[in-house]
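Visitor: Just so you know, we're using the numbering used here here: the sequence shown kicks off at 616 and counts up by one.
Even glycine gets a Cβ: it sits at the ideal position worked out from N, Cα and C.
Please see the structure below; I have some questions.
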Amino acid sequence: VAFTAAERKLGEAAGGSQAKDRVCSVPRLGLLKHSVLADAAVARHWPFPRSEHASGLSQLAVPGFGDQSGVALLGALLGKLRSTSGAAAGSPVALSLPPCAAAGASPEEAEASRRFAKAA
Numbered sequence: 616v617a618f619t620a621a622e623r624k625l626g627e628a629a630g631g632s633q634a635k636d637r638v639c640s641v642p643r644l645g646l647l648k649h650s651v652l653a654d655a656a657v658a659r660h661w662p663f664p665r666s667e668h669a670s671g672l673s674q675l676a677v678p679g680f681g682d683q684s685g686v687a688l689l690g691a692l693l694g695k696l697r698s699t700s701g702a703a704a705g706s707p708v709a710l711s712l713p714p715c716a717a718a719g720a721s722p723e724e725a726e727a728s729r730r731f732a733k734a735a
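Given below as structure tokens:
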């Protein structure tokens, strides 16, 4: 996802944008708790300030666009995937998403993260 002064770009359209205007790993932004992402290596490369949304997930403060929740950005990407896939209406779409729990998490932490993701 990339942001210019006038528009939000999704998918391939964001690829040619400058790194200072682009966010990668949107599934992580939309699915993992803010507390987990705060220390994640991928988050250090996001050019926009992050804060915790009321849901416990992350949101970005994007100049000219206000707060953008990770869930909303992920939804926009999934919508574009569906509309540009060329698949027949009702066809299933397979996606690869990041794990809900951090590597090395205890079984209790992993289960709590799965319950959180299902509820989000």
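State the DSSP-derived secondary structure class of phenylalanine 680, mapped to helix, strand or coil.
Guide: Three-state result, phenylalanine 680: coil.
Visitor: Give the C-beta separation of alanine 617 and aspartate 636 to the nearest angstrom, bearing in mind that I take them to be a contact with Cβ-Cβ under 8 Å.
Guide: With a Cβ gap of about 5 Å, alanine 617 and aspartate 636 count as contacting.
Visitor: DSSP on alanine 617, reduced to helix/strand/coil?
Guide: Reduced to three states, the DSSP call for alanine 617 is strand.
Visitor: For the beta strand (DSSP E) containing arginine 665, list its first residue and its last residue.
Guide: Note, arginine 665: beta strand (DSSP E), 665-667.
Visitor: Can you list, in chain order, the residues of its chain whose CB lies under 6 Å from that of valine 638, leaving out five sequence neighbours each side?
Guide: Same-chain partners within the cutoff: Val616 and Trp661.
Visitor: Over the uninterrupted alpha helix (DSSP H) stretch that includes proline 662, give me the two end residues.
Guide: Premise fails: proline 662 is in no alpha helix (DSSP H) and is neither H nor E.
Visitor: Return the bridge partner residues of arginine 623 from the DSSP annotation.
Guide: Looking at the DSSP assignment, arginine 623 forms a beta bridge with Phe618.
Visitor: Is it buried or exposed, valine 708, if we count other Cβ atoms within 10 angstroms and call 16 or more buried?
Guide: Exposed, since its Cβ has fewer than 16 Cβ neighbours within 10 Å.
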